[in-house]
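To keep things clear, I will list the structure first and then write my remarks on it.
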Amino acid sequence: MNVEYKDIKDFTKEQLEDLFLSVDWSSGHFPDKLVVAMKNFKTVISAWDDDKLVGMICAMDDGIMNAYVHYLLVNPAYHGKMIGRTLVDKIKEYYKDYMRIAVIAYDNEAHFYERCGFEKSTDASPMFITSLWT
C-alpha cells in the first residue's frame, strides 16, 4: 500500500459517502451536501490508496490567527497505518504560523489528539446546535 496525500477539494459524492459512512458518521447520508462543503473549506488534505479515498482532514480559518479542524476521518480498514497522524502533521505544518489550531474531539478520540500535541481545555466546553446524530 502506497498512500498518496493530495490538496484537492473536488470529490464525487460516492467517494465522500463511502468514507464518511465507513466511520458511521451521519453526514455520510448527505453526500450532495458534503461535495459542496468540501469546496467551501479553506483547507482539505486527503489520503488516497490508488483511486480510493481513505482519509481526509478539513479546516477553516480566519486567515491569520485561528484555524479549526472540522473533519478528520480515516477508513477503519486503514487504521494503524499512520494516516490520521500524517494528516494532522500536514495541517499543523500548513497552519504553523497561526496562533491557535482548535479541534473538538469526541471523548473516545481525545487521546489521539493529545498524542498529536493538542491539549484539553480546562475552562471551555464544546457546544452545538445540530440535526446530525453522530
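Numbering-wise, the sequence shown is residues 1192 to 1325 according to the working numbering. Ideal Cβ placement from N, Cα and C applies to all residues, glycine included. Just so you know, these numbers come straight off a predicted model, no measurement behind them.
query: For residue 1305 and residue 1311, the rounded distance between their alpha carbons; result: 8 Å
query: Three-way DSSP call (helix, strand, coil) for residue 1246 in this model; result: strand
query: Check whether residue 1283 and residue 1274 have beta carbons under 8 Å apart; result: no
query: Same chain only: Cβ atoms within 8 Å of residue 1315, ignoring 5 sequence neighbours per side; result: none
query: Which of helix, strand or coil DSSP assigns to residue 1215; result: coil
query: Option in 1276, 1259 and 1285 with minimal Cα separation from residue 1302; result: 1276
query: C-beta atoms of residue 1278 and residue 1246 nearer than 8 Å; result: yes
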